[in-house]
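Visitor: Okay, here's the structure, questions in a sec.
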Amino acid sequence: MIGRVAFVWIWALWAGACHQADPDQPAVDRDPALAAFDEDLRRAPLCQLEDAMAALEGRDDLRAIDQRRALDLAWRNRGPAELSLEIGPELAADQHDRERGLREAWLLEHGAYSWDNLDPEAQLEPRPPGLSLTWLVLAHDLPLARNQHPFETPWVRDYFERKSWYTPRTGSLYLSYIDKVQLERLEAELEGLDAATLQAWRDSLPRPGMSDAEAQLEDRLAERLLAGGSVTGDPR
Numbered sequence: 003m004i005g006r007v008a009f010v011w012i013w014a015l016w017a018g019a020c021h022q023a024d025p026d027q028p029a030v031d032r033d034p035a036l037a038a039f040d041e042d043l044r045r046a047p048l049c050q051l052e053d054a055m056a057a058l059e060g061r062d063d064l065r066a067i068d069q070r071r072a073l074d075l076a077w078r079n080r081g082p083a084e085l086s087l088e089i090g091p092e093l094a095a096d097q098h099d100r101e102r103g104l105r106e107a108w109l110l111e112h113g114a115y116s117w118d119n120l121d122p123e124a125q126l127e128p129r130p131p132g133l134s135l136t137w138l139v140l141a142h143d144l145p146l147a148r149n150q151h152p153f154e155t156p157w158v159r160d161y162f163e164r165k166s167w168y169t170p171r172t173g174s175l176y177l178s179y180i181d182k183v184q185l186e187r188l189e190a191e192l193e194g195l196d197a198a199t200l201q202a203w204r205d206s207l208p209r210p211g212m213s214d215a216e217a218q219l220e221d222r223l224a225e226r227l228l229a230g231g232s233v234t235g236d237p238r
């Protein structure tokens with residue numbers, strides 16, 4: 003009996019030694035969205051990113067997950083100026099056509115910006131036909147939420163915390179080109195609301211179909227804008 007216990011104990015030690023984690027393996031509690039982001043990757047040609055992503059196909063180890071996330075960030079976080087169709091000396095001549103095709107596709111997808119280009123799981127309700135300050139604020143803050151930005155405004159925080167994909171955390175934001183365009187467009191739309199429009203909107207509240215709470219929120223947002231204050235969670 004003692005011999006059998008000793009054997010099991012020795013076997014367990016041996017099995018544990020054989021299955022120790024790779025010392026180079028990232029820790030389980032790492033933050034791949036931030037730690038794995040590499041500025042050099044962001045400047046890499048798209049064909050190199052595509053090749054690197056293909057090489058990771060079929061792998062689900064932690065290192066591959068981190069590398070795949072870094073490549074995804076590198077693909078998204080650039081602007082049209084960085085993807086000029088002029089191919090530099092970083093690529094061999096036989097890669098130019100492939101790179102140019104990838105850049106044309108990228109520019110077509112991101113240049114034709116629309117709400118449909120956003121993550122479908124992160125979509126807001128369809129835009130109301132009339133003015134809705136609540137919708138404009140949430141549409142503006144959506145890219146920040148998708149990048150896990152924490153919000154201090156209770157009603158905004160409560161809205162996004164109901165989304166399964168939202169896990170707020172502190173740290174730097176790595177906004178994609180689409181994210182930045184959305185922020186700029188919605189910010190311009192909010193700033194473009196003149197005092198007469200905002201006051202007329204306040205006077206018309208509550209609108210048909212609005213709850214008292216919804217009308218009160220619209221009124222507070224309009225009042226804040228009239229006073230020159232900010233109504234968004236933009237950290238800039």
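Read in order, the letters of the sequence shown correspond to residues 3 to 238 in our numbering. Think of the CB as a built atom: it goes at the ideal place given N, C-alpha and C, for glycine as much as any other residue.
(1) Can you find at least 3 beta carbon pairs, one from the stretch 40-55 and one from the stretch 68-77, that sit closer than 8 Å?
(2) Which residues mark the beginning and the end of the alpha helix (DSSP H) in which Glu189 is found?
(3) CB-CB under 8 Å to Leu175, same chain, minus the five flanking residues each way: which ones, in chain order?
(4) Give me the residue from Arg209, Gln218, Pro130 and Gly235 with the minimum Cα distance to Pro170.
(5) Below 8 Å CB to CB, which residues in the same chain sit around Glu101 once its five sequence neighbours on both sides are set aside?
(6) Considering just the uninterrupted stretch of the alpha helix (DSSP H) at Glu220, what are its terminal residues?
(7) State the DSSP-derived secondary structure class of Tyr161, mapped to helix, strand or coil.
(8) Please check the pair Glu220 and Leu207, which I expect to be a contact at CB under 8 Å, by giving their CB distance rounded to whole angstroms.
(9) Can you say whether Asp196 is buried or exposed, counting buried as having 16 or more other CB atoms within 10 angstroms of its CB?
Guide: Once the coordinates are examined:
(1) Yes: at least three Cβ pairs fall under 8 Å.
(2) Judged by DSSP secondary structure, Glu189 falls within the alpha helix (DSSP H) whose first and last residues are Tyr179 to Glu193.
(3) Correct list, in chain order: Leu146, Asn149, His151 and Pro237.
(4) Put simply, of Arg209, Gln218, Pro130 and Gly235 the residue whose alpha carbon is nearest the alpha carbon of Pro170 is Gly235.
(5) For Glu101, same chain residues with a beta-carbon under 8 Å away, outside a window of 5 residues either side, are Pro47, Leu48, Cys49, Ile89 and Leu93 in chain order.
(6) Asp214 to Leu228 is the span of the alpha helix (DSSP H), which, as asked, contains Glu220.
(7) Tyr161: helix per DSSP, three-state reduction.
(8) The pair is a contact, with the Cβ atoms about 6 Å apart (cut-off 8 Å).
(9) Asp196 is exposed by the Cβ-count criterion.
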